[in-house]
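Report on the following structure.
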Amino acid sequence: EGINNITEIDLSIEIQNNPLLNDISALSNTTILPACEVSIEENPNLSNCSISSICDFIDGSNLFEINNNALGCNTEFEIENTCNGCPISNLIITSQAEIDAFAATYPGCTEINVHVMISGTAITNLDGLSHITLFSESLEIVNTSIQDLSGLNQVEQVGFYLDISNNNDLLNLNGFDVLDTIGFGRISGNTNLASLNGFGDISEVILPGEGLSIEHNPALTSLVGLSSFTANTNLSIDNNDLLTTLDGLQN
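The numbers in our numbering rise by one with no breaks, and the one at position 125 of the sequence shown is 108.
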């Protein structure tokens, strides 16, 4: 309070060394010009810097110093994610209710920049993630009761590790229709996975030395779902008991 009437800052603003400061919302309606230098540092109780003026500023400026505040306002990465309505720390989802509420919990979030693990036999579908287009870090889908990957239909990239393992009810990979890029991946231990249909058009594996591993899927009978897999990468196909042909790898 007291600075609400400031409408524009064009040179610099420093918010530093305020041990009890926990609210900067008085600057919400202030325009901070892109050429301005902004420093928010050493405010150990300040956890929310994602006010509209800061969100607009960091979207168009590199003149930003942010550190040694509380979680949520400790790095530019944290602020950007909060501004975009996205999680700021690694995310572990263990219930269907969390999946269903994801869009309401993280409104406006389409690109997730933290590690995500989805695990729990109570999880039966991923429909609540239908607005996500990018997982820039790892995505692990393990020990769930999903039958396919519906809900991930907009995901184009998993930037690091993709792990689809030990999902005993998983029948196919339908839902990853537009997936184009992964860091590296594993499809393993899915008891009833009979088909890889739906596994997108993978044209790039960012870490080709790690590649893609398809292993210990005892019901897998076909690799036809990989017919659009064109990435130049290591490929490991091991211990899939019913697999009789490699048809689908012609590309």
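Backbone N, C-alpha and C define an ideal beta-carbon position, used for all residues, glycine too.
At a cut-off of 4 residues, not a single continuous stretch assigned as alpha helix (DSSP H) sits fully inside the segment 131 to 159. Sequence-distant partners of E198 (beyond 5 residues in either direction) whose C-beta falls short of 6 Å from its own C-beta, in its chain, are S171, D221 and N222. Sequence-distant partners of N157 (beyond 5 residues in either direction) whose C-beta falls short of 7 Å from its own C-beta, in its chain, are D131, L132, S133, N180 and G181. Taken through DSSP and simplified to helix, strand or coil, T107 comes out as coil. The beta-bridge partner set that DSSP reports for F118 consists of I95 and V141. When the five nearest sequence neighbours on each side are left out, the beta carbons in the same chain lying within less than 7 Å of the beta carbon of L3 are those of N28, in order along the chain.
With contacts defined by Cβ atoms closer than 7 Å, S121 and T107 do not form a contacting pair.
Residue range F47 to N50 is occupied by the beta strand (DSSP E) that includes N50, with no alpha helix (DSSP H) assigned at that position. It is roughly 20 Å from the alpha-carbon of G68 to the alpha-carbon of N52. Nearest C-alpha to S102 among T93, F85 and E123: E123. The three-state reading of DSSP puts G166 in strand, counting E and B together. DSSP places D224 outside any beta strand (DSSP E), giving it a letter other than H or E. Burial state of S78 is exposed, judged by a 10 Å Cβ sphere holding fewer than 16 other Cβ atoms. Taken in chain order, the complete alpha helix (DSSP H) segments of 4 residues or longer contained in the segment 17 to 88 are 35 to 41, 59 to 66, 79 to 83 and 85 to 88. Under a 10 Å Cβ-count criterion, S148 is classified as buried, with 16 or more other Cβ atoms of the shown protein chains found around its own Cβ. Judged by their CB atoms, S211 and D184 are nearer to each other than the 7 Å cut-off. The three-state reading of DSSP puts V161 in coil, since its state is none of H, G, I, E or B. In terms of CA proximity to A105, V125 leads the group S119, I7 and V125.
The residue from S(-5), N1, Y144 and I49 with its alpha-carbon nearest to that of V188 is Y144.
The Cβ-Cβ distance between D163 and S186 falls below 7 Å.
In this structure, G142 lies away from F167, with their beta-carbon atoms at least 7 Å apart. For I197, the pairing in a beta bridge is given by DSSP as I170 and I220. Between N151 and N175 the beta-carbon gap is near 6 Å, inside 8 Å, which marks them as a contact. Y89 and S36 have their C-alpha atoms some 20 Å from each other.
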